[in-house]
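**Q** First to last, the protein sequences are chains W and B.
Numbering (our numbering) for the first sequence: 1 to 341.
Numbering (our numbering) for the second sequence: 1 to 341.
Ideal placement from N, C-alpha and C gives every residue a C-beta, glycine not left out.
All figures in this text were calculated on a predicted structure; none of them were measured in a lab.
Pasting a structure here, questions to come.
2 protein chains.
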Amino acid sequence: MDKKWYELNGTYGDVIISTRIRLARNIEEYPFPIKCSAEQQQKITDKVKNAVLNSNSVIAPRFNFIDMNGISATEKISMVERHLVSPEFISDQNSKKGLLLLDDESVSIMINEEDHIRLQVMNEGLELEKAYETAARLDTLLDESLSFAFSQNLGYLTQCTTNLGTGMRASVMLHLPALQNGKAIRKLSENLAKLGLTIRGTYGEGSEPIGALYQLSNRISLGISEKTAIDNLKNIAMQLASQELAARAEMNKHISVQDVIYRSEGILKSARLITNAEAMKHLSFVRSGITSGLIDNISLDTVNKLMVDIQPATLMCKAGKQLSSQERDEIRAKIIRKELA
Amino acid sequence: MDKKWYELNGTYGDVIISTRIRLARNIEEYPFPIKCSAEQQQKITDKVKNAVLNSNSVIAPRFNFIDMNGISATEKISMVERHLVSPEFISDQNSKKGLLLLDDESVSIMINEEDHIRLQVMNEGLELEKAYETAARLDTLLDESLSFAFSQNLGYLTQCTTNLGTGMRASVMLHLPALQNGKAIRKLSENLAKLGLTIRGTYGEGSEPIGALYQLSNRISLGISEKTAIDNLKNIAMQLASQELAARAEMNKHISVQDVIYRSEGILKSARLITNAEAMKHLSFVRSGITSGLIDNISLDTVNKLMVDIQPATLMCKAGKQLSSQERDEIRAKIIRKELA
């Protein structure tokens, strides 16, 4: 396994960076994590862990169990930066949390997040069906030894009512520099709401878009099948991708925009100190330049990989030590120069 | 003659870009230009022109005569940008002005500037004696057929009393990014005044330093021999060069400064639009980086040449047409990318 899933460029990769399917599940015999004792949380953790690791599935040996209470804050933040876990999963220090992580990091099973189980499957590009298939297979695997809280009327029971029904949240991460630039996102956001979709910042709810990265996801999981929700999201994602590419082609015709794109490339290739925010801004422009044919010596894979690798905590994890802000800026610049050389 | 004098890098070239000797002379039988009729100005022009072009000197055929009233404003401004003539020489449209220009542009003889004759010799690097020798030889050549206004007490007579005596102004153009950065220039300026020297902006009196380029020159020409004035200037120029290099070495140790230097290189190599001011700022940093050994794939010659070639009027002269500001920014960026590639 040479590359992590997020280091690859997939279908519709000019705009759609990645696809994510997340299933929320709870075990019938326990209250929701927030109401669980530490002992109960430990039992839930053990049950889910064993359901996967002790199964006969060929995928089982590829999972690693990580006790979230046994790793550093930096490692936890790096997991958020790599989109392996939700920001919420690492914010609460008191409860027992465990993570089952597939070797290529394309599957993570969060134990005792808001629900007992948050099963997440990620793929590069637009691969909703493929990601859903994997999620459904793992859901079945878990279901073999666990009994999920399920109601004939409400479907899967979840702590938050917004997840009732399928318990599924499907989302794609989009790179929208041209639509962002044209201020089209706000208007888009209103229209998407009517279609049962929502568009949010890079790290989900309440987060800001960094490097023009947005998450588009379904808002409704009750009274709608998984297939319908996925088809709906896929259609809109493809439409957005087309709109973005058209806007990008138009925008990138202008020499003033080309100037910005080529300068971004020049700065990334030469800076000795660079903040995360500045680097993400330039990487976004370079990404846009690659897809418009302006830059041909850098691959989208490289940019996608850098957009994750240069994040502060991930940087420190790779360095194996805490780093000051200036040290990070220096190492970040070095990594970028090396990758783009 | 492949290169113009200002495209070369000379002695003490890390700091001292060029040397200039200027002699002010007036012909005895005529009033100063400001008091001359058009007819008298024409006669002066003819006399000086003939004194050079009709002489038996081997250098004579290498001079071209340019009727300043017959060339465009753009060509005139380009001459200032290339330091061939003074800003004052091109500002007055009414009087008859002529220019004798050597093929490598290292000698220019302005006719009817403030004085009848302003003979100017330029060399790359610190070459005061060499430049003075050339100036003295040409002075002798002119003296053969012209009778200069001269007083036993006051020396050569000039319109402005500050030029009385030798009529000589010796100056060097210095690149002082580190001393400028350390705000040392202002204090330096006061000390230099006591030594009979003055430091000024890129295009002389009243001009601002562009790209950290300064002109250091003697203020006094009365009661002091040419040799003494030149020795004095040379000593101070060498001291300033040493100070600048020491300050530069210290400054360029810092990664934050190296970051600025390498970014300047990156921007110059990638921008598609660049203003003159921005380009000069970056060229100044790149120049500093070359002399500190940080940048080794660009020569000082190239930077010196660019610092002249990218000036607005010179750019338009090379393009052979008037250009809008954005067109200039585009062509400037193209020229820089080509030269630094």
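Using a Cβ cut-off of 8 Å (strictly closer), state whether S189(B) contacts chain W.
**A** It does not: the Cβ of S189(B) has no partner Cβ on chain W nearer than 8 Å.
**Q** Assign P177(B) to one of two classes, buried (16 or more other C-beta atoms within 10 Å of its C-beta) or exposed (fewer than that).
**A** Its Cβ being crowded by 16 or more others within 10 Å, P177(B) is buried.
**Q** Looking at the unbroken beta strand (DSSP E) that takes in A24(B), where does it start and where does it end?
**A** Here the beta strand (DSSP E) through A24(B) covers I16 to R25.
**Q** What do you reckon, are the CB atoms on N262(B) and A24(W) nearer than 8 Å?
**A** At residue 262(B) the sequence reads Tyr, which differs from the Asn that was named. Not closer than 8 Å, so no.
**Q** Could you give the DSSP three-state label for D104(W): helix, strand or coil?
**A** Note: D104(W) maps to coil in three-state DSSP.
**Q** Thinking just about the alpha-carbon of each residue, which of E133(W), S221(W) and Y203(W) is nearest to the one in L157(W)?
**A** Nearest C-alpha to L157(W): S221(W).
**Q** Using the C-alpha atoms, what's the distance from S284(B) back to K183(B)?
**A** Whole-angstrom Cα-Cα distance: 16 Å.
**Q** Can at least three beta-carbon pairs, one atom from the segment 141 to 156 of chain W and one from the segment 199 to 213 of chain W, be found at a separation below 8 Å?
**A** At 8 Å Cβ cutoff, the stretches do not touch.
**Q** Within 10 angstroms of its Cβ, does T161(B) collect 16 or more other Cβ (buried), or is it exposed?
**A** Its Cβ having fewer than 16 others within 10 Å, T161(B) is exposed.
**Q** Taking C-beta pairs closer than 7 Å, name the residues in chain W that R263(B) reaches, listed in chain order.
**A** Per Cβ cutoff of 7 Å: I267, S270 and A271.
**Q** Measure the alpha-carbon distance for I17(W) versus K234(W) and round it to whole angstroms.
**A** Those two C-alpha atoms are separated by around 13 Å.
**Q** Could you check whether T202(W) and L128(W) sit closer than 8 Å to each other, using their CB atoms as the reference points?
**A** No; because the gap between Cβ atoms is not below 8 Å, this pair is not in contact.
**Q** Return the bridge partner residues of F148(W) from the DSSP annotation.
**A** Its beta-bridge partners are I27(W).
**Q** Would the segment 96 to 109 of chain W count as touching the segment 40 to 47 of chain W if we require 3 or more Cβ pairs under 8 Å?
**A** These segments touch.
**Q** Under 8 Å Cβ-Cβ, which residues of chain B neighbour E330(W)?
**A** What E330(W) touches in chain B: I255.
**Q** Less than 7 Å between C-beta atoms, sequence neighbours within five positions excluded: which residues of the same chain meet that for M1(B)?
**A** Because the pLDDT of M1(B) is 44, which lies under 50, any placement of that residue in the model is unreliable, and the number read from its coordinates should be weighed accordingly. Closer than 7 Å at Cβ, skipping near neighbours: D103 and D104.
**Q** Pick from K338(B), I331(B), P31(B) and P312(B): whose alpha carbon is nearest that of V303(B)?
**A** When only C-alpha atoms are compared, the closest one is K338(B).
**Q** Say whether chain W places a C-beta atom closer than 8 Å to the C-beta of D139(B).
**A** Answer no: the Cβ-Cβ gap between D139(B) and chain W never drops below 8 Å.
**Q** Compute the Euclidean distance between the alpha carbons of E195(B) and G165(B), then round it to the nearest angstrom.
**A** A small correction: the amino acid at residue 195(B) is Leu; Glu does not occupy that position in the sequence shown. Rounded to the nearest angstrom, the two C-alpha atoms are 18 Å apart.
**Q** In chain A, which residues lie less than 7 Å from Q258(B) when you measure between Cβ atoms?
**A** No chain A is present in this structure, whose protein chains are W and B.
**Q** Pull the bridge partners of V172(W) from the DSSP assignment, please.
**A** In DSSP, V172(W) forms a bridge with T19(W) and L216(W).
**Q** Looking only at C-alpha atoms, which of I109(W), K35(W), I224(W) and L240(W) sits nearest to N153(W)?
**A** When only C-alpha atoms are compared, the closest one is I224(W).
**Q** Ignore the nearest five residues each way along the sequence and tell me which others in G206(W)'s own chain have a CB closer than 7 Å to its CB.
**A** No residues qualify anywhere along the chain.
**Q** Could you check how far apart the C-beta atoms of L179(W) and A247(W) are, in whole angstroms? I think they sit under 8 Å.
**A** Contact holds; Cβ gap of about 6 Å.
**Q** Less than 8 Å between the beta carbons of L340(B) and L268(B), yes or no?
**A** Taking 8 Å as the Cβ cut-off, L340(B) and L268(B) qualify as a contacting pair.
**Q** Using beta-carbon positions only, say whether L141(B) and S108(B) come within less than 8 Å of one another.
**A** No, the pair does not count as a contact, with Cβ atoms beyond the cut-off.
**Q** Can you give the Cα-Cα distance for V121(B) and P312(W), rounded to whole angstroms?
**A** For V121(B) and P312(W), the distance between alpha carbons rounds to 57 Å.
**Q** Using the C-alpha atoms, what's the distance from D92(B) back to E265(B)?
**A** Straight-line Cα distance between these residues: approximately 39 Å.
**Q** Looking at I295(W) and V372(W), is the spacing between their C-beta atoms short of 8 Å?
**A** In the structure as shown, chain W starts at 1 and stops at 341, and residue 372(W) therefore has no counterpart that could be examined.
**Q** Pull up the CB-CB distance for I274(W) and A333(W), whole angstroms please, since I reckon it's below 8 Å.
**A** Their Cβ separation, rounded to whole angstroms, is 5 Å, which keeps I274(W) and A333(W) in contact under 8 Å.
**Q** Taking 8 Å as the threshold (C-beta atoms), are E113(W) and E88(W) in contact?
**A** Cβ distance < 8 Å, so E88(W) and E113(W) count as in contact.
**Q** Looking at the unbroken beta strand (DSSP E) that takes in N153(W), where does it start and where does it end?
**A** Looking at the DSSP string, N153(W) is not in any beta strand (DSSP E), and its letter there is neither H nor E.
**Q** Hey, how far is the Cα of E330(B) from the Cα of H116(W)?
**A** For E330(B) and H116(W), the distance between alpha carbons rounds to 60 Å.
**Q** Who pairs with I199(W) in a beta bridge, going by DSSP?
**A** Note: I199(W) sits in a beta bridge opposite L216(W).
**Q** What does DSSP give as the partner residues of Q120(B) in its beta bridges?
**A** Partner(s): R22(B) and S108(B).
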